[in-house]
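Going down the list, the sequences are from chains A and B.
Under the working numbering, the first residue of the first sequence is numbered 1248, with each subsequent residue one higher.
Under the working numbering, the first residue of the second sequence is numbered 1248, with each subsequent residue one higher.
Worksheet: one structure, shown below.
2 protein chains.
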Amino acid sequence: MDIYDVKMNLFFDLYELTMMQSYFFEGENKIAVFDFFVRYRRWVPRRYFVFAGLEFLIDFVQNLRFSDEEIEYLKSLGLFKKEFLDYLRDFRFEGEIWALEEGRIFFPYEPVIEVVAPLPQAQIIETAIINLVQFSVLSATKAARIFSVARGKMLIDFGARRAHSPQSAEISARSAYICGFMGTSLLSAGKKYGIPVYGTMAHSYIMIYDDEKEAFEKFAKLYNGTVLLVDTYDTKKGIKNAIEVIIKLREKGIKVRGIRIDSGDLEELSAWAREELDKAGLDDVFIFLSGGLNEYKIKELLDKNIKIDGFGVGTDLTVSSDLPYLDCAYKLVEYEGKPRMKLSAGKKTFPGRKNFKRLYKGDKMVADYVYPFGKDESFPENVEFDSSEVMLKKVFGRNSSFDMPKDERERNQYIIGCRDRFMRDFASLPDYLKSLDPPAETDNYPVIFSQEINEIVHYFEEKYS
Amino acid sequence: MDIYDVKMNLFFDLYELTMMQSYFFEGENKIAVFDFFVRYRRWVPRRYFVFAGLEFLIDFVQNLRFSDEEIEYLKSLGLFKKEFLDYLRDFRFEGEIWALEEGRIFFPYEPVIEVVAPLPQAQIIETAIINLVQFSVLSATKAARIFSVARGKMLIDFGARRAHSPQSAEISARSAYICGFMGTSLLSAGKKYGIPVYGTMAHSYIMIYDDEKEAFEKFAKLYNGTVLLVDTYDTKKGIKNAIEVIIKLREKGIKVRGIRIDSGDLEELSAWAREELDKAGLDDVFIFLSGGLNEYKIKELLDKNIKIDGFGVGTDLTVSSDLPYLDCAYKLVEYEGKPRMKLSAGKKTFPGRKNFKRLYKGDKMVADYVYPFGKDESFPENVEFDSSEVMLKKVFGRNSSFDMPKDERERNQYIIGCRDRFMRDFASLPDYLKSLDPPAETDNYPVIFSQEINEIVHYFEEKYS
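Given below as structure tokens:
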């Protein structure tokens, strides 16, 4: 029995299906365009976002089916007519999806996914598309921020236990690996995505033995090159004990690679540990920290020039605790070739099918430019740039550029490709966007909407005001 | 292909298995006791917690196996020896689990799950137990807070899209239903758990038609008794349009049950809508609000005595956004019959196998009392009470009191049972615990540890200080 095995069956909000039935009987199945985008909120401490989760989305639309059992359930709700349920039986998603590639950096209001499909098909995937993409973006963006302050030190995802489900744990391990983490502690993510796995020992291991040194020795003998956890009782005594054991084992040819401190005043303890290790001639034994870490604390520690070699980041990564959700949406922008626009307070959309370009000066991105679909020759005025790149690619539909990985080896290759894209984009990100603070309106990255789009916005605002 | 189909295979942090191999070769397989508990943090706005997720945990331990493919993967890591991998091939969890029943209210530091098993078995489930229980408790507790201020109004879970994965969405829909929500918008959760499903319409539906009134009419004709979304363009115009359509349809015998407002100044708009509806003789048409709601906003709205009939709560419920994780742990407290205790800064544990009682005076709970396992006749001094109840039950192992639901009908019965338990506990919760603020040290609910337990704590503190 699989009570936490979702398989994405019936992962729809009820209203997707009630609207769909209405469209079915009204014959509203002309082509609709929906945009997925993130909104700007001035209090949100994110100056850029990292796109991720596309693989999940493509897998979902490829496999979207209604089983007999699901149809029976829908029938039992008493809302759906036989003709519509019969239509669902043969339902397939046959639209086009245009999207960023995973690992790419993006900004608020950019259409990072555009779904172009007969209205019922584009509508029904709303709940799934937001769910599947939102958390991947959220966790990738959080990981990127941690990477951005870590000065090349080892970063390991320790978040599995505090993730909001087993799936969430795997998703954030994947996102973290795309955005510069070296590995994860979670075996299932390691296996599925080919992410390197790491681990040390738990406090319980130390507590099993009467003596801390006995525990260290037993573990180190079994795993040559291991890391010892020193804070189960008194951390400074633990460090002293570790040093004693490391020296003793070294004489027998057994190497301990590092120590881990998981609680207390990490700044004071790691400085003290470094000094003690160096005094004992163990300058090659590294110091690895964990316990409530995030980008803010890592930056603070490294800014003090304490020699720390790596960080295990758990909860704050895996739940993106300073921003546990994105203000993002999936909105209708065009139907039957005509632009559509919602005007709800604070929730503006940009009408019409679109694409966008990134403009570079030298090796830095300087502005993004959003324009009506098909107008690739269009450029903004008043921006100096010397190269540009069209950002949205067709990732689903005939001649799409996305190849679904077929096995774990291909999936690992795919994810390494995402990681490479992130690294390239991060290198071209201007420094003012690397600040951990929320962007003031004045130092938001420029996302310029074309004059044509602005004119349509203006038209709608006039019409409904 | 199931890239988001976790099935809990290999849902272990690497160190669970490296520690386990060490225990295997050292012959450390005597009985260990691990406690799962939540820590008190003074800034955490939670005065009580609701236990949930037990069904997931039991399912996990019942089905814990290592497949050949997983063993191959572990072998590929180069850390594990053949004898140990052979042992994993036949591994079964055969320990006992003692726990609260789902739906019960609990407090920090209470051992709400105790695992009693040979050390390797108790250790290996650490990552899974925390993951499977933490988010269920988190989302149930959040839902309970929302329920606690909603004065019996309709509460519907709208959170699926912003949950941290499809699984998280189903888990929080389930938690919300246990804690007083009336239903969910998510079909998969509705089907799996027998939760009633609800939904209205999306803005995109309105935007498909040239005219808001046309859209309202089409939808209402198809779904007698529906709810109209009025804020796609100008909300007050939308309300006027809805009233016009409702009156027109009423003459044809078609009933609209309510309107939904999803943005803007909800206080002003709902007061205005109520007035307009009443003026039009539509005092039976209800007002349903959504859009960024949580317990704080709902309390504020209802405190102003505006007549609102129901709330759709999405993101803030499903990610528990004011507290997106619990400071909780799964810690060794006993091995070979001897108590164990960790002293890491700020992360104290209470040693020894335990149980706890709830003490009632009249129909209110007055204190909980934690005592060594088997000492059920023990009571605290200086607490006035007139009844008591032992809280931890054996839920896994020989003669356990937990029956795994066998199908969707049984699962629905099970969840209704959890909901009943929550309702009973909520009714016996003293009023000072229903405040939304973090508890000051002085008005924490009394959780009293027995003198015997305190003496062991004292012994360890002396030993390691």
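Glycine residues also receive a C-beta, built at the ideal position from the N, C-alpha and C atoms.
Taking C-beta pairs closer than 7 Å, name the residues in chain A that E1343(B) reaches, listed in chain order.
-> Position 96 of the second sequence holds residue 1343(B). In chain order: nothing, as chain A lies at least about 18 Å away.
For the region 1542–1570 of chain B, which residues have a beta carbon sitting closer than 7 Å to at least one beta carbon of chain A?
-> T1562, V1566, S1568
For K1611(A), the nearest candidate out of K1460(A), R1600(A), D1633(A) (CA to CA) | Residue numbering aside, residue 1611(A) sits at position 364 when the first sequence is read from its first letter. With distances taken between Cα atoms, K1611(A) lies closest to D1633(A).
Reduced DSSP category for C1665(B) - H, G, I as helix; E, B as strand; rest coil = Your numbering for residue 1665(B) matches position 418 in the second sequence. The answer is helix: DSSP assigns C1665(B) an H, G or I state.
Going by C-alpha distance, which of I1703(A), Y1711(A), A1391(A), T1431(A) is nearest R1666(A)?
-> Counted from its first residue, the first sequence places residue 1666(A) at position 419. Out of I1703(A), Y1711(A), A1391(A), T1431(A), A1391(A) has the C-alpha closest to the C-alpha of R1666(A).
Alpha helix (DSSP H) segments (min. 4 residues) lying fully within the region 1433–1506 of chain B | 1434–1440, 1450–1455, 1459–1469, 1482–1498
Compare the beta carbon distance of R1450(B) and K1589(A) with 9 Å and say whether it is the shorter of the two.
-> Taking the first residue of the second sequence as 1, we reach residue 1450(B) at position 203. Taking the first residue of the first sequence as 1, we reach residue 1589(A) at position 342. It should be noted that the sequence gives His, not Arg, for residue 1450(B). Result yes, Cβ atoms of H1450(B) and K1589(A) sit closer than 9 Å.
Quick one: which unbroken alpha helix (DSSP H) runs of 4-plus residues sit fully inside the region 1535–1601 of chain B? Chain order, please.
-> 1542–1550, 1562–1565
For V1566(A) and G1664(A), the rounded distance between their alpha carbons = One-based indexing of the first sequence puts residue 1664(A) at position 417. One-based indexing of the first sequence puts residue 1566(A) at position 319. Those two C-alpha atoms are separated by around 25 Å.
Is the shortest distance between the beta-carbon of A1410(A) and the beta-carbons of chain B less than 9 Å?
-> For this step, residue 1410(A) is matched to residue 163 along the first sequence. Cβ-Cβ to chain B under 9 Å: yes for A1410(A).
D1509(A), buried or exposed, once every other Cβ within 10 Å from all chains shown has been counted against 16 | One-based indexing of the first sequence puts residue 1509(A) at position 262. By the 10 Å Cβ count, D1509(A) comes out buried.
How many Å lie between F1605(A) and A1279(A) at the Cα?
-> Your numbering for residue 1605(A) matches position 358 in the first sequence. Your numbering for residue 1279(A) matches position 32 in the first sequence. Note that residue 1605(A) corresponds to Arg in the displayed sequence, not to Phe. Approximately 26 Å between the Cα atoms of the pair.
Grouping DSSP H, G and I as helix and E and B as strand, with all else coil, what is W1345(B)?
-> Translated into the one-based positions of the second sequence, residue 1345(B) becomes position 98. W1345(B): strand per DSSP, three-state reduction.
Counting only beta-carbon atoms, is P1365(B) nearer than 9 Å to chain A?
-> Along the second sequence, one-based indexing puts residue 1365(B) at 118. For P1365(B), the answer is no, since every Cβ of chain A falls outside 9 Å of its Cβ.
With 9 Å set as the bound, which would you pick, yes or no: does the beta-carbon of L1335(B) sit closer than that to a beta-carbon of chain A?
-> Along the second sequence, read from residue 1 onward, the residue named residue 1335(B) stands at position 88. For L1335(B), the answer is no, since every Cβ of chain A falls outside 9 Å of its Cβ.
Drop a sphere of 10 angstroms on the beta-carbon of Q1698(B), count the other beta-carbons inside from all chains shown, and report buried for 16 or more, exposed for fewer.
-> For this step, residue 1698(B) is matched to residue 451 along the second sequence. Exposed.
With respect to the beta strand (DSSP E) encompassing P1365(A), which residues constitute its N-terminal and C-terminal limits?
-> Counted from its first residue, the first sequence places residue 1365(A) at position 118. Per DSSP, P1365(A) belongs to the beta strand (DSSP E) from 1360–1365.
Give a yes or no on whether the minimum CB-CB distance between K1526(A) and chain B is below 9 Å.
-> Translated into the one-based positions of the first sequence, residue 1526(A) becomes position 279. It does not; no Cβ of chain B falls within 9 Å.
Using a Cβ cut-off of 9 Å (strictly closer), state whether L1257(A) contacts chain B.
-> Within the first sequence, numbered from 1, the residue matching residue 1257(A) stands at position 10. Yes, because at least one Cβ of chain B sits closer than 9 Å to the Cβ of L1257(A).
Between the region 1285–1297 of chain B and the region 1308–1315 of chain B, do three or more beta carbon pairs fall short of 8 Å?
-> no
Do you know how far the Cα of K1460(B) is from the Cα of Y1692(A)?
-> Numbered from its first residue, the first sequence carries residue 1692(A) at position 445. Numbered from its first residue, the second sequence carries residue 1460(B) at position 213. Their Cα atoms are separated by approximately 40 Å.
Output the boundary residues of the alpha helix (DSSP H) element that contains M1267(A).
-> Counting from one through the first sequence, the residue named residue 1267(A) turns up at place 20. Its alpha helix (DSSP H) spans residues 1261–1273.
Tell me which same chain residues have a C-beta within less than 7 Å of the C-beta of D1684(A), skipping the five on either side of it?
-> Sequence index remark: in the first sequence, residue 1684(A) carries index 437 (1-based). P1292, listed in sequence order.
Residues in the region 1423–1452 of chain B with C-beta within 8 Å of chain A's C-beta atoms, listed in sequence order?
-> S1432, L1433, L1434, S1435, G1437, K1438, K1439, V1444, Y1445, G1446, T1447, M1448, A1449, H1450, S1451, Y1452
Going along chain A in order, which residues have a C-beta closer than 7 Å to the C-beta of Q1370(B)?
-> Sequence index remark: in the second sequence, residue 1370(B) carries index 123 (1-based). By Cβ distance, chain A contributes S1451.
Count the CB pairs spanning the region 1640–1654 of chain B and the region 1338–1352 of chain B that are closer than 8 Å, and state whether there are at least three.
-> yes
Quick one: Cα of S1635(A) to Cα of R1668(A), how far?
-> Here residue 1635(A) refers to the residue found at position 388 of the first sequence. Here residue 1668(A) refers to the residue found at position 421 of the first sequence. So the two alpha carbons sit approximately 16 Å from each other.
What is the rounded straight-line gap between the Cα of I1403(B) and the Cα of L1434(B)?
-> Taking the second sequence and counting its residues from 1, the one referred to as residue 1403(B) is at position 156. Taking the second sequence and counting its residues from 1, the one referred to as residue 1434(B) is at position 187. Roughly 13 Å separates the two Cα atoms.
Alpha carbon to alpha carbon, what distance is there between D1615(B) and C1426(B)?
-> Taking the first residue of the second sequence as 1, we reach residue 1426(B) at position 179. Taking the first residue of the second sequence as 1, we reach residue 1615(B) at position 368. Approximately 21 Å, taken between the alpha carbons.
Going along chain B, which residues have a C-beta under 8 Å from D1260(A)?
-> Numbered from 1 along the first sequence, position 13 holds the residue referred to as residue 1260(A). Chain B residues near D1260(A): F1405, A1407, R1408, S1432, L1433, L1434, G1446.
Which residues DSSP lists as bridging P1619(B), in chain order = Sequence index remark: in the second sequence, residue 1619(B) carries index 372 (1-based). In the DSSP output, where bridge partners are listed per residue, P1619(B) has K1601(B).
Residues of the region 1628–1659 of chain B with a CB closer than 7 Å to any CB of chain A: list them in chain order, please.
-> none
Since V1384(A) is in the alpha helix (DSSP H), which residue starts that stretch and which ends it?
-> Reading the first sequence from its first residue, position 137 is the one you call residue 1384(A). Where V1384(A) is concerned, the enclosing alpha helix (DSSP H) stretches over 1373–1396.
Compare the C-beta of S1537(B) with all C-beta atoms of chain A and state if any pair is closer than 9 Å.
-> Stepping through the second sequence from its first residue, residue 1537(B) is reached at position 290. Chain A contact via Cβ: absent.
Determine the closest residue to V1637(B) out of S1625(B), E1631(B), V1630(B), with distance taken between C-alpha atoms.
-> Here residue 1637(B) refers to the residue found at position 390 of the second sequence. Nearest option by C-alpha distance: S1625(B).
Under 9 Å between C-beta atoms, does Y1480(B) make it to chain A?
-> Within the second sequence, numbered from 1, the residue matching residue 1480(B) stands at position 233. For Y1480(B), the answer is yes, since a Cβ of chain A falls inside 9 Å of its Cβ.
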